[in-house]
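In this note's numbering, the protein residues as written are 25 to 201.
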């Protein structure tokens with residue numbers, strides 16, 4: 025029976041870190057379902073969902089401790105099951121550019137929670153505006169909207185929120201590859 029393991033890895037940013045993890049996945053006869061890696065200052069973070077037969081997942085977990093010690097990684101794991109979506113959902117993307125302020129992400133998170141909308145992916149990054157150097161925020165979210173929710177009402181409420189927070193935002197259906 026196929027099983028899944030979520031793995032969170034933190035470490036110093038050095039060449040070969042991803043390769044060390046990928047080699048262990050292959051050696052254990054598992055596969056990477058999803059992965060997100062990013063450099064954070066002089067560190068890196070990696071979040072993976074690993075899939076495989078229960079004995080292969082167990083083998084992978086066993087070897088993680090050795091990898092953590094060798095590479096000086098901080099590793100946390102969590103067993104999980106395949107996600108089942110109980111209702112019909114419509115996937116939308118949210119793209120936002122604004123000045124960096126502490127209230128932005130909490131306000132967006134609360135807005136979508138009140139609408140019973142799940143945020144499945146969130147990516148944000150700060151950068152300096154080209155001419156002024158003002159600290160800006162670029163934010164992208166993938167959200168899953170229940171099919172029975174009125175998209176017109178959602179758009180209207182989202183636009184109001186964005187106006188209140190002074191956000192330049194786009195809410196549009198996810199486009200296929």
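Note that beta-carbon positions come from the ideal geometry of N, C-alpha and C, so glycine has one too.
Would residue 45 and residue 73 qualify as a contact pair, given that the criterion is a beta-carbon distance under 8 Å? Not a contact, by the Cβ cut-off of 8 Å.
Go through its chain and collect everything with a Cβ distance to residue 171's Cβ below 8 Å, but skip five positions before and after it. Shown here for residue 171: same chain residues with a beta carbon closer than 8 Å to its own, the five before and five after excluded, namely 111, 112, 113, 114 in chain order.
Leaving out the 5 sequence neighbours to the left and right, which residues in its chain are closer than 6 Å to residue 88 when beta-carbon positions are compared? In the same chain as residue 88, and ignoring 5 residues on each side of it, the C-beta atoms closer than 6 Å to its own belong to 99, in chain order.
Let me make sure I understand the geometry here. Which of 164, 197, 152, 163 has the alpha-carbon closest to that of residue 179? For residue 179, the nearest C-alpha among the options comes from 197.
Assuming the contact rule is C-beta atoms closer than 8 Å, residue 182 and residue 195 should be a hit. Round their C-beta distance to whole Å, please. Residue 195 and residue 182 do touch by the CB rule: their CB atoms are close to 5 Å apart, below 8 Å.
Taking just the CA atoms, how far does residue 148 sit from residue 162? Rounded to whole angstroms, the separation of the alpha carbons of residue 148 and residue 162 is 5 Å.
Sort 187, 59, 136 by Cα distance to residue 167 and report the nearest one. Residue 136 holds the alpha-carbon nearest to the alpha-carbon of residue 167 among 187, 59, 136.
List the endpoints of the continuous alpha helix (DSSP H) containing residue 174. Per DSSP, residue 174 belongs to no alpha helix (DSSP H) and is neither H nor E.
From which residue to which residue does the beta strand (DSSP E) around residue 142 run? Segment 142-152, the beta strand (DSSP E) holding residue 142.
Distance, Cα to Cα, residue 134 vs residue 78? Residue 134 and residue 78 have their alpha carbons spaced roughly 37 Å apart.
Identify whether residue 165 lies in helix, strand or coil by the three-state DSSP scheme. Three-state DSSP puts residue 165 in a strand.
Go ahead and label residue 17 buried or exposed: buried means 16 or more other beta carbons lie within 10 angstroms of its beta carbon, across all protein chains shown. Outside the shown range of the chain (25 to 201) lies residue 17, about which nothing can therefore be said.
Please list, in chain order, all residues of the same chain as residue 37 whose beta carbon is under 7 Å from its beta carbon, the five residues on each side excluded. Correct list, in chain order: 63, 66, 67, 68.
Does DSSP classify residue 54 as helix, strand or coil? DSSP, read as helix, strand or coil, puts residue 54 in coil.
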